[in-house]
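To start, the structure itself, in structure tokens.
There are 2 protein chains.
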Amino acid sequence: MLTFRTATRADGPAILALLADDDITRARAAAAGSPLPEPSAAVAESVDAALWAAYEAIDADPCNELIVAEAADRTVAATCQLTFTPSLSRGGAERLTIEAVRVRGDLRGQGVGRSLIRWCLDRARERGCRLAQLTTDKQRTDARRFYESLGFTASHEGLKLPL
Amino acid sequence: MLTFRTATRADGPAILALLADDDITRARAAAAGSPLPEPSAAVAESVDAALWAAYEAIDADPCNELIVAEAADRTVAATCQLTFTPSLSRGGAERLTIEAVRVRGDLRGQGVGRSLIRWCLDRARERGCRLAQLTTDKQRTDARRFYESLGFTASHEGLKLPL
Chain A
28 MLTFRTATRA DGPAILALLA DDDITRARAA AAGSPLPEPS AAVAESVDAA LWAAYEAIDA
88 DPCNELIVAE AADRTVAATC QLTFTPSLSR GGAERLTIEA VRVRGDLRGQ GVGRSLIRWC
148 LDRARERGCR LAQLTTDKQR TDARRFYESL GFTASHEGLK LPL
Chain B
28 MLTFRTATRA DGPAILALLA DDDITRARAA AAGSPLPEPS AAVAESVDAA LWAAYEAIDA
88 DPCNELIVAE AADRTVAATC QLTFTPSLSR GGAERLTIEA VRVRGDLRGQ GVGRSLIRWC
148 LDRARERGCR LAQLTTDKQR TDARRFYESL GFTASHEGLK LPL
């Protein structure tokens, strides 16, 4: 039993814990010389001004939504961020970009991520989007298979440049 | 001599002509049963309500910018769309996504695209973005090399799903 909804400020610490609980994120943070804390009470304390400002920017912008999947016990089971981008391509339709998808460690392999992505795709269809897109690190071979099983095609190279 | 700026309504027809003048776009439109007109006066007439609504949405949203490179003769030499996405990752920094990059056919191979992308990256740095990203169709092998020469790494799979 999952409930999908936009995040509130109260979800902040749980979302940050999910974002931090990821091998690639940990490696990136370590390489940048700023290792993230282990997901714990310390994460809640690390919700600093920059992150709250980002949360407020997401919350205020009609093109961005922070989504959580809530478990029956009211805890946050999974999260992702949706960006709806207006475009002059494809007849002026919006496209959905999905970022920062995370499922809580103890709930992986149970279909939570699949339900979350399907819900997001339905939300995009309701909004009139004609394309959904995301990128996934080539190290995440399981993730590519997961998204392909949901109908995505790995037709594009995803290029990144740290600034 | 190029001038970079955000687009105005007057640039709409020229931008649509650039978007249409692309083999992959043409193939996609043909597959969808709605071939785009050849870049010509007809393009200007095809600027319909949905496209103007998309233009207005881009123009009104602080997270989206439609960019044009203007040649010395005041014509539009190139275009792209910038999306600045607030995020709880990377310390709350925004990321820049670049979409719909097009250089006018008669100006290709002269460094116009390179100048455009560099200008966009500078704009993102000024705004405090910590990451720039884009996807490019795997059929566009020249495009991948172009972006790699600008410092991008093809570290990710770009997955798409028409809705």
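Read top to bottom, the protein sequences are chains A and B.
The numbering used here runs 27 ahead of the 1-based position in the first sequence.
The numbering used here runs 27 ahead of the 1-based position in the second sequence.
Where a beta carbon is used, it is the ideal one built from N, C-alpha and C, also for glycine.
Quiz item: Do three or more CB pairs link the stretch 120-128 of chain B to the stretch 90-108 of chain B at distances below 8 Å?
Solution: The stretch 120-128 of chain B, when compared against the stretch 90-108 of chain B, does touch it at the 8 Å Cβ threshold.
Quiz item: Does the distance from the C-beta atom of B:L188 to that of A:F179 stay below 8 Å?
Solution: Position 161 of the second sequence, counted from the start, is the residue given in the question as residue 188 of chain B. Position 152 of the first sequence, counted from the start, is the residue given in the question as residue 179 of chain A. Yes, Cβ-Cβ distance for B:L188 and A:F179 is below 8 Å.
Quiz prompt | Cross-strand partners of A:T106 (DSSP beta bridge) | solution = Taking the first residue of the first sequence as 1, we reach residue 106 of chain A at position 79. DSSP, once it has assigned bridges, lists A:V95 and A:R129 as partnering A:T106.
Quiz item: Exposed or buried, which one is A:I42 when buried takes at least 16 other CB atoms within 10 Å?
Solution: Position 15 of the first sequence, counting from 1, holds the residue named residue 42 of chain A. Buried, by the Cβ-count rule.
Exercise. Say whether chain A places a C-beta atom closer than 8 Å to the C-beta of B:A37.
Key: Numbered from 1 along the second sequence, position 10 holds the residue referred to as residue 37 of chain B. So, not an interface residue.
Practice problem: Starting from the C-beta of B:G132, find all residues in its chain whose C-beta is less than 8 Å away, skip the five residues before and the five after it, and write them out in chain order. | Solution: Taking the first residue of the second sequence as 1, we reach residue 132 of chain B at position 105. These residues qualify, in order along the chain: D48.
Practice problem: Could you list which residues in chain A have their beta carbon closer than 7 Å to that of B:E92, in chain order? | Solution: For the purposes of this step, residue 92 of chain B is taken as residue 65 along the second sequence, with counting starting at 1. In chain order: nothing, as chain A lies at least about 11 Å away.
Quiz item: From this set, B:G140, B:G39 and B:A57, which residue's C-alpha is nearest B:T30's C-alpha?
Solution: The sequence position of residue 30 of chain B within the second sequence is 3, counting from 1. The option with the nearest alpha carbon to B:T30 is B:G140.
Quiz item: Three-state secondary structure (DSSP) at A:T35?
Solution: What you label residue 35 of chain A is simply residue 8 of the first sequence in a count that begins at 1. Looking at A:T35 - three-state DSSP - the assignment turns out to be coil, as it is neither helix nor strand.
Quiz item: Does the stretch 30-39 of chain A come close enough to the stretch 91-103 of chain A to have 3 or more Cβ pairs within less than 8 Å?
Solution: Look at the beta carbons and you see the stretch 30-39 of chain A touching the stretch 91-103 of chain A: at least three pairs across the two are nearer than 8 Å.
Quiz item: Which residue comes first and which comes last in the alpha helix (DSSP H) that contains B:L143?
Solution: Taking the second sequence and counting its residues from 1, one reaches residue 143 of chain B at position 116. Residues V139 to R154.
Practice problem: Report the neighbours of B:Q160 on chain A: residues whose CB is nearer than 9 Å to its CB, in chain order. | Solution: Position 133 of the second sequence, counted from the first residue, corresponds to residue 160 of chain B. Chain-order list of chain A residues neighbouring B:Q160: T162, G185, L186, K187 and L188, by C-beta distance under 9 Å.
Quiz item: Where A:R122 and A:R157 are concerned, what is the direct C-alpha to C-alpha distance, given to the nearest angstrom?
Solution: Numbered from 1 along the first sequence, position 95 holds the residue referred to as residue 122 of chain A. Numbered from 1 along the first sequence, position 130 holds the residue referred to as residue 157 of chain A. Using only the alpha carbons, I get a separation of about 6 Å.
Quiz item: Assuming A:H183 contacts B:T163 under a Cβ cut-off of 8 Å, what Cβ separation, rounded to an integer in Å, is found between them?
Solution: Translated into the one-based positions of the first sequence, residue 183 of chain A becomes position 156. Translated into the one-based positions of the second sequence, residue 163 of chain B becomes position 136. Right, their Cβ atoms sit about 6 Å apart.
Quiz item: Between A:P40 and A:N91, what straight-line distance do the alpha-carbon atoms span, to the nearest angstrom?
Solution: Indexing the first sequence from 1 puts residue 40 of chain A at position 13. Indexing the first sequence from 1 puts residue 91 of chain A at position 64. Distance between the alpha carbons of A:P40 and A:N91 is about 19 Å.
Quiz item: So, does the CB of A:T33 fall closer than 8 Å to a CB anywhere in chain B?
Solution: Here residue 33 of chain A refers to the residue found at position 6 of the first sequence. Interface annotation, A:T33: not in contact with chain B, CB-CB separation never under 8 Å.
Practice problem: Would you identify the three-state DSSP class for A:R101, choosing helix, strand or coil? | Solution: In the first sequence, the residue the question calls residue 101 of chain A occupies position 74. The three-state reading of DSSP puts A:R101 in coil, since its state is none of H, G, I, E or B.
Quiz prompt | C-beta atoms of A:L78 and B:L115 nearer than 8 Å | solution = For this step, residue 78 of chain A is matched to residue 51 along the first sequence. For this step, residue 115 of chain B is matched to residue 88 along the second sequence. Yes, the pair counts as a contact, with Cβ atoms nearer than the cut-off.
Quiz item: With which residues is A:G185 paired in a DSSP beta bridge?
Solution: Residue mapping note: residue 185 of chain A aligns to position 158 of the first sequence, counting from 1. Beta-bridge analysis with DSSP links A:G185 to B:T162 and B:H183.
Quiz item: For A:T30, which residues in chain B fall below 9 Å Cβ to Cβ?
Solution: The count along the first sequence starts at 1 and reaches residue 30 of chain A at position 3. Among the residues of chain B, none has a CB under 9 Å from the CB of A:T30; the nearest is roughly 21 Å distant.
Quiz item: Taking 8 Å as the CB-CB cut-off, is B:L134 touching chain A?
Solution: Start at 1 with the first residue of the second sequence, and residue 134 of chain B comes out as number 107. No - not a single Cβ of chain A is within 8 Å of the one on B:L134.
Quiz prompt | Pick from B:A99, B:D149, B:R150 and B:Y82 that is closest to B:L134, judged by C-alpha positions | solution = On the second sequence, position 107 is the one that residue 134 of chain B refers to. Shortest Cα-Cα distance from B:L134 to any of B:A99, B:D149, B:R150 and B:Y82 involves B:A99.
Exercise. Taking B:G136 as the reference, give the member of B:W146, B:L161, B:I85 and B:A170 with the closest Cα.
Key: Numbered from its first residue, the second sequence carries residue 136 of chain B at position 109. For B:G136, the closest C-alpha among the options B:W146, B:L161, B:I85 and B:A170 is that of B:A170.
Quiz item: Between the beta-carbon of B:Q160 and the beta-carbon of A:L186, is there less than 8 Å?
Solution: As a first step, residue 160 of chain B must be located in the second sequence, where it is residue number 133. As a first step, residue 186 of chain A must be located in the first sequence, where it is residue number 159. Going by C-beta atoms, B:Q160 is nearer than 8 Å to A:L186.
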